[in-house]
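Asks: This note's numbering puts the first residue of the sequence shown at 33, with every later residue one more than the last.
For every residue, glycine included, the Cβ atom is placed at its ideal position computed from N, Cα and C.
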Amino acid sequence: SGPFTGLCSGDGKARVTQFLEDNDAGRSRVTYKMRDWLISRQRYWGAPIPIIYCPKCGAVPVPEEGLPVHLPLGLKVTPEGPSPLARHEQFVKTTCPVCGEPARRETDTIDTFVCSSWYFFRFASPHDTDVAFSKQAVDYWNPVDRYIGGVEHAVMHLLYSRFVTKVLYDAGLVPADEPFKHLLTQGMVVLHGAKMSKSKGNVVSPDDIVDRFGADVARVFMMFAAPPERDLEWSDRGVEGAQRFLRRVWRQVAGESGDDPEAPSETACDEASRPGGSAGDAAICEDIDGSEETNAPGDGISTEGLLRITHQSIKKVTEDFERLALNTAVSQLMELSNYIGRYQRLTEHSRSEMALDEARAALVKLLAPFAPHIAHELWEKLGHDGTVEKAGWPAFDPEIIKEKIITLVVQVDGKVRDRINVEAGCSDEQLADKALESERIVKMLGQGPEAREKIAKVIVIKDKLVNIVTRR
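(1) Please classify Ala186: is it buried, with 16 or more other beta-carbons within 10 angstroms of its beta-carbon, or exposed?
(2) Assign Phe123 to buried or exposed, taking buried as 16 or more other Cβ atoms, counted over all protein chains shown, within 10 Å of its Cβ.
(3) Once DSSP output is grouped into helix, strand and coil, what is the label at Val222?
(4) Go ahead and pull the three-state DSSP assignment for Asp43.
(5) Please classify Ser41 as buried or exposed, where buried requires at least 16 other C-beta atoms within 10 Å of its C-beta.
(6) Within 8 Å of any Cβ in chain C, is that where the Cβ of Tyr179 sits?
(7) Output needed for Met476: all residues of its chain with C-beta closer than 7 Å, excluding positions within five of it in sequence on either side, in chain order.
(8) Provide the residue(s) that pair with Ile493 in DSSP beta bridges, ordered along the chain.
(9) Beta carbon of Ile452: closer than 7 Å to some heavy atom of the ligand SAH?
(10) Residues in the same chain with beta-carbon distance under 7 Å from Met255, minus the five sequence neighbours each way, listed in chain order, please.
(11) Who are the Cβ neighbours of Val490 in its own chain at under 6 Å, not counting the five residues just before and after it?
(12) Measure the alpha-carbon distance for Gly415 versus Ile433 and round it to whole angstroms.
(13) Helix or strand or just coil, what does DSSP make of Thr419?
(14) Confirm, please, whether the CB-CB distance from Ala156 to Cys1 is below 8 Å.
(15) Tyr375: which of Gly478, Thr350, Thr342 and Ile83 sits nearest, CA to CA?
(16) Is the separation between the beta-carbon of Trp173 and that of Val221 shorter than 8 Å?
(17) Let me make sure I understand the geometry here. Which of Val441, Val492 and Lys486 has the alpha-carbon closest to that of Arg504?
(18) Could you tell me which whole beta strand (DSSP E) segments of length 3 or greater appear in the stretch 161-208?
(19) Start and end of the alpha helix (DSSP H) containing Thr63?
(20) Starting from Arg85, trace the beta strand (DSSP E) in both directions and tell me its first and last residue.
(21) Check for me: the beta strand (DSSP E) holding Asn513 runs from which residue to which?
(22) Among residues of its own chain, excluding the 5 on either side of Glu138, which ones have a beta-carbon nearer than 6 Å to its beta-carbon?
(23) Whose C-beta lies closer than 7 Å to the C-beta of Asp43 among residues of the same chain, with five residues either side of it excluded?
(24) Is Gly273 helix, strand or coil when you go by DSSP?
(25) Is it true that the CB of Thr141 sits closer than 8 Å to the CB of Tyr201?
(26) Thinking C-alpha only, which one of Phe353, Arg383 and Thr379 is nearest Glu336?
(27) Drop a sphere of 10 angstroms on the beta-carbon of Ala257, count the other beta-carbons inside from all chains shown, and report buried for 16 or more, exposed for fewer.
(28) Give the straight-line distance between the Cα atoms of Gln364 and Leu338, rounded to the nearest whole angstrom.
(29) Does the beta-carbon of Asn370 have 16 or more other beta-carbons within 10 angstroms, so that it is buried, or is it exposed?
(30) Looking at the secondary structure, which residues open and close the beta strand (DSSP E) in which Arg136 lies?
(31) Taking DSSP as the reference, what is the three-state secondary structure of Phe428?
(32) Are the Cβ atoms of Cys147 and Ala79 separated by less than 8 Å?
(33) Could you have a look at Phe253 and say whether DSSP puts it in helix, strand or coil?
(34) On the DSSP letters alone, give me the boundaries of the beta strand (DSSP E) that Thr127 sits inside.
(35) From which residue to which residue does the beta strand (DSSP E) around Pro93 run?
(36) For Trp282, does the count of other Cβ atoms within 10 angstroms reach 16, so buried, or fall short, so exposed?
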């Protein structure tokens, strides 16, 4: 590097710049990344700038009756020379709206980025022919509640939308200076950690997946496999798991093959999730695969428990939808389906068909946004008229979702020593007494006055934990 050898980066840049300036070979200049494509990128099909240049009056805006300025047809595009608009004499030559003398139109255009930077205002009154948008309509509808778009929108479209909105807000034409309340930048579908691309040969065709598994299976897998803002790792095993889950739901709602003469085979079931098909099915990934094995009845399966998990599922899925946590919503549906499966295996006199019908109806309604084709057919199987989406979103009962029995963690000096089941809603004193009466705590601290002498204080967290702090 000659005289610049050994210099640190900052000193080196300064010395090189000074050398170039001293030898008239260059100069320093600050450049700004203005991202001004909406003006600098010239496309003859862009939005015309409504300005007329008059030798006498200067730059004059096109009067309102002359708006909008229409681009001419039949433009000749050549690789060199001025823009096609500048060579179109009929477009360029006009008269000054002020003095009536010959004048010329502006032949630069605004890039289509500008056109796409305020469409959300136009949508509020799309048929208005007198103004760009109705202020009354915009005041009612805007700002946009949620914008969903890829990360590539962040420094172009979203930047320009914010700029245009702030200008209109300063002019008193729109109600807020930000165009969007919430932004969701969705992740990409990747395979083996790499973005899918034809050049890498790692593209999975959605059409192939739909043909093989059905649209509902593909939807359930994609919504379960990752939160919408994270990249989704494609997995054939995951798709197959989604298929098993939906098949299980079909059997639980429409009936086992042996019990229901109209119950479809697995192949027929899959057809429902294909466009124009008739049924469907899904579970997902290794952690869900094992859940089908738990369909045997077990301890803790009851009608009260079925109603509780049904209403808990309604509450959780509703809340998950509000925060776009679609993966955890699907996970909750899998838990509900698993409980229904175990409940169905109880003896007939041990179960309530009314509670089972309520649980299955809720499952189908909650499933509908994820697997609409299958949910539609299952709704008919349950004997309901009309479509499931018109049946209304289910509501949960806050009293039903309350746990009657809770598991209380008992600690001694911050270390877990026991877990006991107690009735929910006990007072702090009652919880402390029950913790001190637990078998393991009695063995550690004794009972009665003997135990009390060893205790400095008892910390109670309602319906969750009791921490016994001993004297040191």
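Replies: Taking the structure as given:
(1) Label assigned to Ala186: exposed.
(2) When all chains shown are included, Phe123 counts as buried.
(3) The answer is strand: DSSP assigns Val222 an E or B state.
(4) It is helical.
(5) It is exposed - the Cβ of Ser41 has fewer than 16 other Cβ atoms within 10 Å.
(6) Structure shown: chain C not included; a single protein chain is present.
(7) Val444 and Arg449, listed in sequence order.
(8) Paired residue(s): Leu497.
(9) Absence of the ligand SAH is noted for the structure shown, with no ligands found whatsoever.
(10) Contacts found: Leu358, Asn359, Val362 and Phe402.
(11) If we look at Val490 and ignore the five residues flanking it on each side, its Cβ neighbours are Ala464 and Ile500.
(12) Going from the Cα of Gly415 to the Cα of Ile433 covers about 27 Å.
(13) Here Thr419 sits in coil by DSSP.
(14) There is no way to answer for residue 1, as the model of the chain reaches only from 33 to 504.
(15) With distances taken between Cα atoms, Tyr375 lies closest to Thr342.
(16) Result no, Cβ atoms of Trp173 and Val221 do not sit closer than 8 Å.
(17) Cα-wise, what sits closest to Arg504 is Lys486.
(18) DSSP runs (the beta strand (DSSP E)) wholly in the stretch 161-208: 176-180.
(19) For Thr63, no alpha helix (DSSP H) run applies, since DSSP gives it neither H nor E.
(20) Per the sequence presented here, residue 85 reads as Tyr, with Arg not at that position. Here the beta strand (DSSP E) through Tyr85 covers Ile83 to Cys86.
(21) An answer regarding residue 513 cannot be provided, because it is not within the stretch 33 to 504 covered by the chain.
(22) Same-chain partners within the cutoff: Ile81 and Ile83.
(23) Cβ neighbours of Asp43 beyond the five flanking positions: none.
(24) Three-state DSSP puts Gly273 in a helix.
(25) No, they are not a contact pair.
(26) When only C-alpha atoms are compared, the closest one is Arg383.
(27) Burial call: buried.
(28) Rounded to whole angstroms, Gln364 to Leu338 spans 14 Å at the Cα level.
(29) The C-beta of Asn370 has 16 or more other C-beta atoms within 10 Å across all chains shown, which makes the residue buried.
(30) Segment Pro134 to Arg137, the beta strand (DSSP E) holding Arg136.
(31) In the structure shown, Phe428 sits in coil (DSSP, three-state: anything other than H, G, I, E or B).
(32) It is a contact, given that the beta carbons lie within the stated cut-off.
(33) Note: Phe253 maps to helix in three-state DSSP.
(34) For Thr127, the uninterrupted beta strand (DSSP E) segment begins and ends at Lys125 to Thr127.
(35) Membership of Pro93 in the beta strand (DSSP E) is indicated by the continuous run Gly90 to Pro93.
(36) Counting the other CB atoms within 10 Å of its CB gives Trp282 a total of 16 or more, which places it among the buried residues.
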